[in-house]
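Line order of the protein sequences matches chains X and Y.
Numbering (this note's numbering) for the first sequence: 1 to 114.
Numbering (this note's numbering) for the second sequence: 115 to 223.
So the structure is just underneath, and the comments pick up after that.
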Amino acid sequence: ETGVTQSPTHLIKTRGQQVTLRCSSQSGHNTVSWYQQALGQGPQFIFQYYREEENGRGNFPPRFSGLQFPNYSSELNVNALELDDSALYLCASSYGLATYNEQFFGPGTRLTVL
Amino acid sequence: GIQVEQSPPDLILQEGANSTLRCNFSDSVNNLQWFHQNPWGQLINLFYIPSGTKQNGRLSATTVATERYSLLYISSSQTTDSGVYFCAVEGGSQGNLIFGKGTKLSVKP
Chain X
1 ETGVTQSPTH LIKTRGQQVT LRCSSQSGHN TVSWYQQALG QGPQFIFQYY
51 REEENGRGNF PPRFSGLQFP NYSSELNVNA LELDDSALYL CASSYGLATY
101 NEQFFGPGTR LTVL
Chain Y
115 GIQVEQSPPD LILQEGANST LRCNFSDSVN NLQWFHQNPW GQLINLFYIP
165 SGTKQNGRLS ATTVATERYS LLYISSSQTT DSGVYFCAVE GGSQGNLIFG
215 KGTKLSVKP
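As structure tokens, this is what we get:
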């Protein structure tokens, strides 16, 4: 069984640029959630995709957007990067919505915005 | 929204000591998970425990859903137990997890 994978591992961008982060869900899972973790804080929910549709969104502006593909892998896109976007971005997968299902996390992408 | 509070925020132990980490949450939930975040940022699943008690080796967890708290017990701690421990609860209709601020554990040899 393949676990959740993310790419790239690290990324450095400058303010105003755009970035795309990728996540492959654990085999058999159809739900992907994205979280942002600032230094010293717990992860904060960005949005969730279930069967290729956005199923819920946290308190993040529209410049954070995403996609889920037919194989259930997912992308997180961030436009017009700001310094405060520097964080660890984590994706999690589950079979079905997380209400009653355990979520499993990938190793994360560490984004630095200069 | 649901609030999740973890205590203590920091904990320093000598190798071999036991510890108890606490997670309080402000409303009823359907899902509660404990994670260990290693120094590289990976969140490792420890327990999926909406209610009841589970044990896995030196670790055990208990959730009392009616009283809105969960406890994580670490016995005979080892230096490899160091890191941040997070409690997370399911946050609403979309099923996202809401995390506490974590307990940072340092185990000294």
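Built from N, CA and C at the ideal position, the CB exists for glycine as well.
Treat the numbers as computed from the prediction; the structure is a model and nothing was measured.
Note down, in chain order, every chain X residue with its Cβ under 7 Å from the Cβ of L157 of chain Y. Taking the second sequence and counting its residues from 1, the one referred to as residue 157 of chain Y is at position 43. Simply L90, F105.
Coarse secondary structure for E52 of chain X, derived from DSSP in three states: Along the first sequence, one-based indexing puts residue 52 of chain X at 52. Here E52 of chain X sits in coil by DSSP.
Cβ pair N210 of chain Y, F45 of chain X closer than 8 Å: For this step, residue 210 of chain Y is matched to residue 96 along the second sequence. For this step, residue 45 of chain X is matched to residue 45 along the first sequence. In this structure, F45 of chain X lies closer than 8 Å to N210 of chain Y by Cβ.
Verify whether the separation of the beta carbon atoms of H10 of chain X and S93 of chain X is less than 8 Å. Along the first sequence, read from residue 1 onward, the residue named residue 10 of chain X stands at position 10. Along the first sequence, read from residue 1 onward, the residue named residue 93 of chain X stands at position 93. Contact flag unset, no.
Can you tell which of Y:Y199, Y:I212, Y:D195, Y:A202 has the C-alpha that lies nearest to the C-alpha of E129 of chain Y? Residue numbering aside, residue 129 of chain Y sits at position 15 when the second sequence is read from its first letter. Looking at the Cα atoms, Y:D195 is the closest of the given residues.
Rounded to a whole number of angstroms, what is the C-alpha to C-alpha distance between Q120 of chain Y and S189 of chain Y? As a first step, residue 120 of chain Y must be located in the second sequence, where it is residue number 6. As a first step, residue 189 of chain Y must be located in the second sequence, where it is residue number 75. Cα to Cα, the separation comes out at about 19 Å.
Using a Cβ-Cβ distance under 8 Å, would E102 of chain X count as near chain Y? Position 102 of the first sequence, counted from the first residue, corresponds to residue 102 of chain X. It does; some Cβ of chain Y falls within 8 Å.
What residues in the stretch 32-52 of chain X have a beta carbon less than 7 Å from any beta carbon of chain Y? S33, Q41, G42, P43, F45, Q48
Would the beta-carbon of S85 of chain X fall within 8 Å of that of L111 of chain X? Within the first sequence, numbered from 1, the residue matching residue 85 of chain X stands at position 85. Within the first sequence, numbered from 1, the residue matching residue 111 of chain X stands at position 111. In the sequence as presented, Ser is not what sits at residue 85 of chain X; that position holds Asp. Yes, these two residues count as a Cβ contact at 8 Å.
Which residues in chain X have a C-beta closer than 8 Å to the C-beta of Q147 of chain Y? List them in chain order. In the second sequence, residue 147 of chain Y corresponds to position 33, counting from 1. Here the neighbours are E102, Q103.
Does the contact criterion of 3 or more C-beta pairs under 8 Å hold for the stretch 124-141 of chain Y versus the stretch 175-186 of chain Y? yes
Compare the Cα-Cα distances from E102 of chain X to each of Y:W154, Y:Q192, Y:P164 and report the closest residue. For the purposes of this step, residue 102 of chain X is taken as residue 102 along the first sequence, with counting starting at 1. Ranking Y:W154, Y:Q192, Y:P164 by Cα distance to E102 of chain X puts Y:P164 first.
Inter-residue CB distance, G58 of chain X and L88 of chain X (contact presumed, cutoff 8 Å): Numbered from 1 along the first sequence, position 58 holds the residue referred to as residue 58 of chain X. Numbered from 1 along the first sequence, position 88 holds the residue referred to as residue 88 of chain X. Incorrect: roughly 16 Å between the Cβ atoms, too far for contact.
Span of the beta strand (DSSP E), counted from its first residue to its last, around V19 of chain X: Taking the first residue of the first sequence as position 1, residue 19 of chain X is located at position 19. Looking at the DSSP string, the run of the beta strand (DSSP E) that includes V19 of chain X is 19-24.
Using a Cβ-Cβ distance under 8 Å, would G216 of chain Y count as near chain X? Position 102 of the second sequence holds residue 216 of chain Y. So, interface residue.
Local conformation of T5 of chain X per DSSP, three classes: What you label residue 5 of chain X is simply residue 5 of the first sequence in a count that begins at 1. Of the three classes helix, strand and coil, the one that applies to T5 of chain X here is strand, per DSSP.
Pull up the DSSP beta-bridge partners for F139 of chain Y, would you. In the second sequence, the residue the question calls residue 139 of chain Y occupies position 25. Y:V118, per the DSSP bridge assignment.
Is L160 of chain Y helix, strand or coil by DSSP? Looking up residue 160 of chain Y in the second sequence gives position 46. Of the three classes helix, strand and coil, the one that applies to L160 of chain Y here is strand, per DSSP.
Does any CB atom of chain X fall closer than 8 Å to the CB of F200 of chain Y? As a position in the second sequence, residue 200 of chain Y is number 86, starting the count at 1. Interface residue, yes.
So, with DSSP's three-state summary, where would you put E197 of chain X? This structure cannot speak to residue 197 of chain X, because chain X is shown only from 1 to 114.
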